[in-house]
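Residue numbers for the sequence shown follow numbering that gives the first Met the number 0, beginning at 0 and rising by one. The C-beta atom is built at its ideal place from N, Cα and C for all residues, glycine as well. All of these numbers come straight from a predicted model, not from anything done at the bench.
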Amino acid sequence: MPAATDPELRQLLTQVSSIKHYGFQLHSFSDGECTILVPFHKDLERPGGIVGGQVFMAASDVAMWLAIITRLGPRDGSVTAEMKTNFLSGARDEDIFCHARVLKLGRRLIYGVGECRNGDGKLLTHSTITYIRAD
0 MPAATDPELR
10 QLLTQVSSIK
20 HYGFQLHSFS
30 DGECTILVPF
40 HKDLERPGGI
50 VGGQVFMAAS
60 DVAMWLAIIT
70 RLGPRDGSVT
80 AEMKTNFLSG
90 ARDEDIFCHA
100 RVLKLGRRLI
110 YGVGECRNGD
120 GKLLTHSTIT
130 YIRAD
């Protein structure tokens with residue numbers, strides 16, 4: 000059973016000022032996993048009409064953060080220590096779904112992966128993410 004509720008996760012997405020402008024929405028979650036929706040809007044594009052790489056990275060990081068919260072609860076203070084993102088395909092004028100999963104929840108470090116896909120399920124990015132627990 001997850002350590003956080005649907006309303007708690009949704010509230011976190013609306014409270015954190017650094018991510019509000021992306022418009023991330025909670026799509027689904029379970030214990031140690033979370034999927035967020037990144038609704039397309041023109042502000043996410045970079046020159047050339049494709050969604051900017053920072054959007055994918057932010058989405059993977061936020062999905063991972065929420066996945067961790069499903070395990071440790073909404074008061075957890077873990078923060079990103081390292082992230083590597085591989086960009087596999089671009090996105091144009093479309094919503095993106097980003098799914099993150101906790102692979103290992105250690106005493107000090109938390110390891111996970113994040114993947115962003117378009118609505119057709121095409122893999123756009125793959126990220127490996129390490130968080131450090133702030134205990």
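Would you report the Cα separation of residue i and residue j, rounded to the nearest angstrom?
i	j	result
residue 4	residue 108	23 Å
residue 117	residue 93	7 Å
residue 57	residue 105	23 Å
residue 61	residue 91	21 Å
residue 43	residue 54	7 Å
residue 77	residue 59	15 Å
residue 40	residue 126	23 Å
residue 0	residue 31	10 Å
residue 64	residue 38	19 Å
residue 18	residue 119	25 Å
residue 96	residue 84	15 Å
Using the rule of at least 16 other Cβ atoms within 10 Å of the residue's Cβ for burial, across every protein chain shown, is residue i buried or exposed?
i	result
residue 75	buried
residue 102	exposed
residue 86	exposed
residue 124	buried
residue 81	exposed
residue 20	exposed
residue 50	buried
residue 34	buried
residue 113	buried
residue 122	exposed
My output table needs one value for residue i: the three-state DSSP class, helix, strand or coil.
i	result
residue 135	This structure does not reach residue 135, given that the chain is present from 0 up to 134, and the question cannot be answered.
residue 7	helix
residue 20	helix
residue 66	helix
**OP:** Tell me the start and end of each unbroken beta strand (DSSP E) in the region 69-122 that is at least 3 residues and wholly inside, in chain order.
**Re:** 78-86, 95-104 and 108-117
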